[in-house]
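Just add 65 to the spot in the sequence shown (first one is 1) and you have my numbering. Below: the structure, in structure tokens.
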Amino acid sequence: FVHWYVGEEAVVSTQSTGKTASCNRKMPLPLKLFEVSDVVVKTEDTETGSRNLRKICALFSGKTSGFEVVHGLLDRIMLCLGRRDYSIRASAEAMFFTGRGADILLGGQKIGHLGILHPEVLDNFEITLPCSVLEMDLEPFV
66 FVHWYVGEEA
76 VVSTQSTGKT
86 ASCNRKMPLP
96 LKLFEVSDVV
106 VKTEDTETGS
116 RNLRKICALF
126 SGKTSGFEVV
136 HGLLDRIMLC
146 LGRRDYSIRA
156 SAEAMFFTGR
166 GADILLGGQK
176 IGHLGILHPE
186 VLDNFEITLP
196 CSVLEMDLEP
206 FV
């Protein structure tokens, strides 16, 4: 069973986008979804035991995975933010197809990931077409 997780933190914005894709799977292709949302995560650093993170998430689904589309979106977002000091590296996230995921790094710190979703993840949301997803923390830019 593969769900969408990063460590112990549930990736709520990616799950939300996956549910939206599942509910709209009969819409004309390609399906392009984009979401900006607050995600509440557990932490030991605060009195309340939680904190909010502002995240951006995009999903592309069609006859092909569209990885180049979400990678191009990442490039465009960074260009618009005036940030050229980011990089990507191979990711071992279980939610991605093996060898088809990447972490997004800004100043050496992981701020997100992108990749082609693993077939088990697609099955969990009853999505029958390949999907690529981009999720990134917006906090470093505010």
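We put the CB at the ideal spot given by N, CA and C, even for glycine.
Beta-carbon within less than 7 Å of Pro209's beta-carbon, same chain only, minus the 5 sequence neighbours each way: which residues are those? Because the chain spans 66 through 207 in this model, residue 209 falls outside it and cannot be assessed.
Kindly indicate which three-state DSSP category Lys128 falls into: helix, strand or coil? In the structure shown, Lys128 sits in coil (DSSP, three-state: anything other than H, G, I, E or B).
Is the separation between the beta-carbon of Leu138 and that of Leu199 shorter than 7 Å? Taking 7 Å as the Cβ cut-off, Leu138 and Leu199 qualify as a contacting pair.
State the start and end residues of the unbroken beta strand (DSSP E) segment that holds Leu199. Residues Cys196 to Asp202.
Euclidean distance between Cα positions of Val76 and Gly173: Reliability fails at Val76, whose pLDDT of 46 lies under 50, so the model's placement of it is uncertain and the value that follows must be treated cautiously. Just so you know, the alpha carbons of Val76 and Gly173 end up roughly 21 Å apart.
Best match in Ile181, Val135, Val101 and Val105 for proximity to Ala157 [C-alpha to C-alpha]: The shortest C-alpha separation from Ala157 is found at Ile181.
For Glu191 and Ile85, the rounded distance between their alpha carbons: Note that residue 85 corresponds to Thr in the displayed sequence, not to Ile. For Thr85 and Glu191, the gap between their C-alpha atoms comes out near 11 Å.
According to DSSP, Phe99 sits in a beta bridge with which residue or residues? Partner(s): Ala123.
If you reduce the DSSP assignment to three classes, tell me which class Arg116 lands in. In the three-state scheme derived from DSSP, where H, G and I count as helix and E and B as strand, Arg116 is classed as strand.
Taking the alpha helix (DSSP H) that Leu187 falls in, what are its first and last residues? Where Leu187 is concerned, the enclosing alpha helix (DSSP H) stretches over Pro184 to Asn189.
Contact set for Gly209: own chain, Cβ-Cβ below 6 Å, skip 5 residues either direction: Because the chain here runs from 66 to 207, residue 209 falls outside it and cannot be looked at.
For Asp168, which residues in the same chain have their Cβ closer than 6 Å to its Cβ, ignoring the five residues on either side in sequence? Only Arg154, Ser156, Lys175 and His178 meet the Cβ criterion.
Taking Cβ to Cβ, would you say Leu98 is nearer than 7 Å to Leu124? Yes; because the gap between Cβ atoms is below 7 Å, this pair is in contact.
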